[in-house]
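>
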Amino acid sequence: MGALNQKSKFKPPAPTIRVQRVPIEKPKQLKPKPSPANSNYNLLQQQRAKPQSKAASPYPGSSSADESRRTKRKAPGGGNSRSPSVVKFDSDDTDGGEDGDNDVFLGARRKKRRLARVDPNRKLRHSKIWTGAVDEKEKGKERDPSIIHAADLANLKSKCQPALRMPEEEVGVELRYPGGRGRERYELVYGKDKIDAVKDITTVVKFVAENYLNDEDAQPFLEPSTGLIRQLQKSTNVNDGQAFKAAVKDYNKRLFALQKDGTIAKHLDSISSFPSDLVAFILDQVYDRTVAPKVELLLKYENGSDNVYGELLHPFITDILVEKTRMKSEQVFVDLGSGVGNVVLQAALEIGCESWGCEMMENACDLADAQLREFQARCQLWGVAPGKVQLDRGDFRTNERILEVLRRADVVLVNNQAFTSQLNDSLVSMFLDLKSGCKIVSLKSFVHEHKSASNDVAMSILDVEDLTYPSDYVSWTHQGGTYCISTKK
6 MGALNQKSKF
16 KPPAPTIRVQ
26 RVPIEKPKQL
36 KPKPSPANSN
46 YNLLQQQRAK
56 PQSKAASPYP
66 GSSSADESRR
76 TKRKAPGGGN
86 SRSPSVVKFD
96 SDDTDGGEDG
106 DNDVFLGARR
116 KKRRLARVDP
126 NRKLRHSKIW
136 TGAVDEKEKG
146 KERDPSIIHA
156 ADLANLKSKC
166 QPALRMPEEE
176 VGVELRYPGG
186 RGRERYELVY
196 GKDKIDAVKD
206 ITTVVKFVAE
216 NYLNDEDAQP
226 FLEPSTGLIR
236 QLQKSTNVND
246 GQAFKAAVKD
256 YNKRLFALQK
266 DGTIAKHLDS
276 ISSFPSDLVA
286 FILDQVYDRT
296 VAPKVELLLK
306 YENGSDNVYG
316 ELLHPFITDI
326 LVEKTRMKSE
336 QVFVDLGSGV
346 GNVVLQAALE
356 IGCESWGCEM
366 MENACDLADA
376 QLREFQARCQ
386 LWGVAPGKVQ
396 LDRGDFRTNE
406 RILEVLRRAD
416 VVLVNNQAFT
426 SQLNDSLVSM
436 FLDLKSGCKI
446 VSLKSFVHEH
456 KSASNDVAMS
466 ILDVEDLTYP
476 SDYVSWTHQG
486 GTYCISTKK
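Quick note on my numbering: the sequence shown kicks off at 6 and runs consecutively.
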């Protein structure tokens, strides 16, 4: 045997391993990108993403590549929801660490208080909120206004499949809301471009617990290990439909008791605003049940004209109304070219102000009217009082009621991204009648750089602030862009 292959007579000492504990700082959780605001908006996006010439795009920079953008409309919160609005389910069926869960529980409560906006003139509670004065079993009871139930759109008859391993004959479930006696009908099913009943129900329960109850009353709902939301999450993770329905039944019973003893109404009287993620969720419920099923009607526009369609998403509007213009409930908001009414409804719900819109495209007007009906019904179900809403049809340049309300408007929105220069010049003439200090929010400036102050009317009557918005604030592109806030001198 060679020398190199012989075993050494000397045994080396065993290596020593040094163990040192090094504290690792917990990484900060990144702010999630906003997720789709509704389940059916992708139909519009898929249609727009079809190959077409660049000239067919109504908005600058929205090439066919750009138009293969988000598959669904986004929502608000810090980024238009539904990222804050949607409940994030755990990846397993365990209870998880108690300490971390308690931090989440307490953090949600603190966040709700921190985001609350104070408006002493805002009366948040709906005048027709149900407070238990009439027992549900009594005949001749006053019923809640008619809503479009989730089960009317997402059901076994519309090519959906049972969720959570539920037998077909047992997919039906009803959900109670904090402001009304009636319940919304759901079917626990799933289907492409359909309302996700499981997620929708869980999110409603989460928002009710976080925004309609004090810490003590919310404990049975939000308790990390055994609370109702945890039960809904666990049953979803393990596909246990019967457990999910049992948790919904328990929630309905508990909420019914809180309505009857006046807890819900009392809490609404103590606050003057909802967080932006709840505002976005309510608006998305309205959109999903009215616009989304007929969204293909919005594809019909005349390229190269003023009749084009694009949406400013929830977080953009929250930023404008809450942060930039600081609107209050006693003020007046006007949207010139209001489309399906999204922004008008958001201003009325989030701020509580008098909110006006005017649109001339017939299909958009029809969908706006449908949204307004559903919006008013759902506000009553949620127990919240929006500001007065008025949606007018026709050309805002000649609509007498719009011209009159502009004289007392505090904030005017014009999504003039694709307006012709002639229409923008006509708007400047209309702005002559605005009161001093009125804010005009627009995607493009009304002041022409190539003109001098002597012959530019806009420059003589407006002080313009140029601003930028981040990605995912508008429906026609992922990218950010620029906008203006002009103040009437």
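Just so it is clear, CB atoms sit at the ideal spot from N, CA and C, and this is done for glycine as well.
(1) Would you report the Cα separation of D324 and L432, rounded to the nearest angstrom?
(2) I'd like the span of the alpha helix (DSSP H) that includes C384, first residue to last.
(3) Tell me which same chain residues have a C-beta within less than 7 Å of the C-beta of V348, skipping the five on either side of it?
(4) Measure the C-alpha to C-alpha separation of D255 and F401 and round it to an integer number of angstroms.
(5) Do the stretch 441-454 and the stretch 396-416 meet, that is, are 3 or more Cβ pairs less than 8 Å apart?
(6) Looking at I206 and K379, is the spacing between their C-beta atoms short of 9 Å?
(7) If distances are taken between C-alpha atoms only, which option among F338, M366 and V345 comes closest to E359?
(8) Going by DSSP, which residues form a beta bridge with D396?
(9) Just reading off the beta strand (DSSP E) that S491 is part of, what are its end residues?
(10) Can you have a look at H508 and say buried or exposed, based on whether 16 or more other CB atoms are within 10 angstroms of its CB?
(11) Based on DSSP bridge pairs, tell me the residues matched to K538.
(12) Which of the three DSSP states is assigned to S90 in this structure?
(13) Pull up the distance between the alpha-carbon of G486 and that of V462, whole angstroms please.
(14) Answer yes or no: do E192 and A159 have a C-beta to C-beta separation smaller than 9 Å?
(15) With DSSP as the reference, please indicate the residues paired to P298 in a beta bridge.
(16) Apart from the five residues just before and just after E179, which ones in its own chain have a Cβ nearer than 6 Å to its Cβ?
(17) Exposed or buried, which one is D274 when buried takes at least 16 other CB atoms within 10 Å?
(18) What's the gap between the Cα of F523 and the Cα of K440?
(19) Quick one, which of G177, Y217 and L472 has its alpha-carbon nearest K329's?
(20) Measuring only the C-alpha atoms, how far is G267 from L227?
(21) Measure from the C-beta of K250 to each C-beta in chain C and report whether the shortest distance is under 9 Å.
(22) For E192, list the residues DSSP reports as bridge partners.
(23) In whole angstroms, give me the CA-to-CA distance for R170 and R383.
(24) Could you check if A531 is buried or exposed, using at least 16 other CB atoms within 10 Å of its CB as the buried criterion?
(25) Would you give the residue range spanned by the alpha helix (DSSP H) that F451 belongs to?
(26) Closer than 8 Å by C-beta to L326: which residues in its own chain qualify, once you throw out the five before and the five after it? Chain order, please.
(27) Starting from Q166, follow its DSSP beta bridges and name the residues at the other end.
(28) Using the rule of at least 16 other Cβ atoms within 10 Å of the residue's Cβ for burial, across every protein chain shown, is L48 buried or exposed?
On the basis of the supplied data:
(1) Each residue's Cα considered, the two are about 24 Å apart.
(2) Unbroken alpha helix (DSSP H) run through C384: E367 to W387.
(3) If you ignore the 5 residues before and after V348, its C-beta comes within less than 7 Å of the C-beta of L317, I322, D340 and L418, all in its own chain and listed in chain order.
(4) In a straight line, the C-alpha of D255 is about 50 Å away from that of F401.
(5) With a cut-off of 8 Å, the stretch 396-416 and the stretch 441-454 count as touching, because enough Cβ pairs lie within range.
(6) Here residue 379 is Glu; the residue named in the question, Lys, does not match the sequence. No, these two residues do not count as a Cβ contact at 9 Å.
(7) The shortest C-alpha separation from E359 is found at F338.
(8) According to the sequence displayed, residue 396 carries Leu and not Asp. L396 pairs with G362.
(9) From DSSP, the beta strand (DSSP E) with S491 extends over G486 to K493.
(10) What is shown of the chain runs 6 to 494, which leaves residue 508 out entirely.
(11) Residue 538 falls outside the range modelled here, since the chain spans only 6 to 494, and no answer is possible.
(12) Here the model assigns S90 a pLDDT of 34, short of 50, so the residue's position is not dependable, and the following value carries that caveat. S90 carries a coil assignment under DSSP once its states are collapsed to helix, strand and coil.
(13) For G486 and V462, the distance between alpha carbons rounds to 25 Å.
(14) Result yes, Cβ atoms of E192 and A159 sit closer than 9 Å.
(15) DSSP output for P298 lists no bridge partner at all.
(16) For E179, where only same-chain residues beyond five positions count, the Cβ hits under 6 Å are R188 and R190.
(17) By the neighbour-count criterion, in which 16 or more other beta carbons inside 10 Å mark a residue as buried, D274 falls on the exposed side.
(18) Lying before the first or after the last residue shown, residue 523 is absent from the chain, which here runs from 6 to 494.
(19) Nearest option by C-alpha distance: L472.
(20) One C-alpha to the other measures close to 20 Å.
(21) Within the model displayed, chain C is absent; a lone protein chain is all it includes.
(22) According to DSSP, E192 shares a beta bridge with G177.
(23) The straight-line gap from Cα to Cα measures roughly 30 Å.
(24) Lying before the first or after the last residue shown, residue 531 is absent from the chain, which here runs from 6 to 494.
(25) Note, F451: premise wrong, no alpha helix (DSSP H); not H, not E.
(26) Answer for L326: M332, F338, Q351, A352, E355, I356 and V416, listed in chain order.
(27) Residue pairing for Q166: DSSP places it in a beta bridge opposite Y195.
(28) Because the pLDDT of L48 is 43, which lies under 50, any placement of that residue in the model is unreliable, and the number read from its coordinates should be weighed accordingly. Flag for L48 reads buried.
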